[in-house]
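Input: a single structure, listed below in structure tokens.
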Amino acid sequence: MEQMSQAQGIRVGRILGIPIYVDFSWVLIFAAFCFILSQQFKLDHKEWTSAESWGVGIATSLLFFTSVVLHELSHSAVAQAYKIKVLSITLFIFGGLARISREPTKAIQEFNIALAGPVASAVLGGFFYLVSLFFPGNAMISAPLQYLSWANLVLAVFNMLPGFPLDGGRIFRAIVWGATKDFSKATRVAGASGKLIAYALIAYGLGSLFTKNYDNIWFVLIGLYLLNAAQMSVAQVTIRETLAGLHAADVMSLEVPTIPANMSLEEYSNEVLRTGRRVHIVTMGDRLAGLMNVAALNQVPRDEWNMNSVQAVMVPRDKIIWAAPEEPLLRLLERLMAADINQMPVVSYGEDGSAHIVGIVSRDAILRVLQTRSELGAALSHR
Ligand SMILES: [Zn+2]
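Position 265 (the sequence shown) corresponds to 293 in the working numbering; numbering is contiguous.
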């Protein structure tokens, strides 16, 4: 389970109010699962027909991925008990992913949310094993149940490896967090152990090539995935830490250049070249009409700049995404990235309820703050 924003894939249903998606990569892995399992069942049970081994293989694959969903739902149920909203559950090539709206605020919450998944997998493993005992003479039922029991136990054990962002790494982070009261330090420690585990998996997978054990190439892929995820989580924490306590008003540019709506794009490009400013407020009379920037200008071919006005391509007033001066910078940066835009006007409301644009925050300005603060932080810690 982790926080991540990415394309969602195909929606397949809704459980506990949480939409369930399958990523496109999952479709491939599901087909591969059905194929490998049916071939394995065919090898183990020569008396089965092709249709029977395929039927059992597909049913087992479906039950296995249902188990993965139950693992994620288990995390989600505990998160929701702590009033943390679960946005979605997505099945993808390496398993499941529950997206939560925010990180837990207490170490004990993270501990319990993370533990719930492996516990669910272990319980499912035990459950499938017990049920298989009721069908000793019927291999077509007991064989898949025993496979599901084993697969769920592997899932529980693998997820308990103490490297972030695996569940075990989150539990590890929660313990360090609880002990040191330092969330950032705990994330760095758990991230470092996540990288160690990733390198170990990659080394093991590559080492297996020398013994011609090609199945273990999976360990390399999972290791690379974990390595990337561990690096990203640590980078996120660094950004969060650096921007903590800063608000839109701290970094916004107070100069808000305005242009009239009937200005031609040719004139606008001259204005941009002359002043170096990349974003402008568009007015009509003395009223706000929209927001103009270089990205909007570039949507129009150069030879048509003379024939079009700013009004034709600007972001109209009701489509502009605003920020408030007191908005935390981290949240603002997340919104800029989610909307894939570079600047946001900062609006403040007067006593009479009228809106005034008091400044503009750009992605560049936030990145400059990040860079300056990290250089300053490095300089301070070197003393
Ligand atoms: Zn999990």
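A virtual CB, placed ideally from N, CA and C, is assigned to each residue, including glycine.
In this structure, ligand 1 has no non-hydrogen atom nearer than 6 Å to the beta-carbon of G222. Boundaries of the alpha helix (DSSP H) harbouring H99: S78 to A109, taken from the DSSP string. I348 and A383 have their C-alpha atoms roughly 13 Å apart. Under the three-pair Cβ rule at 8 Å, the region 277-291 does not count as touching the region 217-229. Going by beta carbons, G191 and G145 fall outside the 7 Å limit. DSSP lists S390 as the beta-bridge partner residues of Q371. DSSP places R306 in the coil class of the three-state scheme, outside both helix and strand.
Beta bridge pairing from DSSP links G318 with V310 and P344.
When DSSP reads this structure, F120 sits in a beta bridge with G123.
Here the C-alpha atom of S78 lies approximately 21 Å from the C-alpha atom of G165. Taking the CA atoms as reference points, V300 sits about 8 Å from V307. Judged by DSSP in its simplified three-state form, T239 adopts coil rather than helix or strand.
For R130, there is no enclosing beta strand (DSSP E), since its DSSP letter is neither H nor E. Closest option to L316, judged by alpha-carbon separation, among V386, A272, L360 and L252: V386. The DSSP-derived three-state label of V284 is coil. P47 and K113 have their C-alpha atoms roughly 12 Å apart. 7 Å or more divides the Cβ of H99 from the Cβ of I141. F69 and L249 have their alpha carbons spaced roughly 26 Å apart. For G41, the enclosing beta strand (DSSP E) covers residues I38 to I43. Per DSSP, reduced to three states, the secondary structure at A383 is strand. In the DSSP annotation of this structure, the continuous segment of the alpha helix (DSSP H) that includes I199 starts and ends at D195 to T208.
Sequence-distant partners of R130 (beyond 5 residues in either direction) whose C-beta falls short of 7 Å from its own C-beta, in its chain, are I112.
The continuous stretches of alpha helix (DSSP H) do not include V328, and DSSP gives it neither H nor E. Apart from sequence neighbours up to five positions away, no residue of its chain approaches P329 with a beta-carbon distance below 8 Å.
Each of K134, A135, I117 and I136 was checked against the Cα of I128, and the nearest Cα belongs to I117. Here A351 carries a strand assignment [DSSP, helix/strand/coil]. A straight line joining the alpha-carbon of A167 with that of Q174 spans about 10 Å. Relative to the non-hydrogen atoms of ligand 1, the Cβ of G191 never comes closer than 6 Å to any of them.
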